[in-house]
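K.L.:
Numbering (our numbering), first residue to last: 0 to 63. Backbone N, C-alpha and C fix where the C-beta goes; we use that ideal spot for every residue, glycine too. Only a predicted model underlies this, so the values are computations on that prediction, with no experimental measurement involved.
The structure is reproduced here in structure tokens:
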């Protein structure tokens, strides 16, 4: 289950990072490029991804 959470977190970070770059008009060639709303959405999705990674890798106090 931790593997699935880690993959989901990394996917959010990668997709969110791409949206940040498109929103900042660094990556062009998309209808999303240059629209600041995608910059904000990308930052939020990236932060969610980091949160998922943090949550997935917390030690629960249980051995093992």
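Taking residue 26 and residue 35 to be in contact with their CB atoms under 8 Å, please state how far apart those CB atoms are, rounded to whole angstroms.
P.N.:
Start at 1 with the first residue of the chain shown, and residue 26 comes out as number 27. Start at 1 with the first residue of the chain shown, and residue 35 comes out as number 36. 14 Å between Cβ atoms; not a contact.
K.L.:
For residue 13 and residue 45, I'd like the C-alpha separation in whole angstroms.
P.N.:
Here the question's residue 13 lines up with position 14 in the chain shown. Here the question's residue 45 lines up with position 46 in the chain shown. Going by the C-alpha atoms only, they are around 7 Å apart.
K.L.:
Please report the straight-line C-alpha distance between residue 20 and residue 10, rounded to a whole angstrom.
P.N.:
The count along the chain shown starts at 1 and reaches residue 20 at position 21. The count along the chain shown starts at 1 and reaches residue 10 at position 11. Those two C-alpha atoms are separated by around 15 Å.
K.L.:
Mark residue 67 as exposed unless 16 or more other C-beta atoms lie within 10 angstroms of its C-beta, in which case mark it buried.
P.N.:
The first residue shown for the chain is 0 and the last is 63, placing residue 67 beyond what the model contains.
K.L.:
Exposed or buried, residue 38, counting other C-beta atoms within 10 Å across all chains shown (16 or more means buried)?
P.N.:
Taking the chain shown and counting its residues from 1, one reaches residue 38 at position 39. Burial call: buried.
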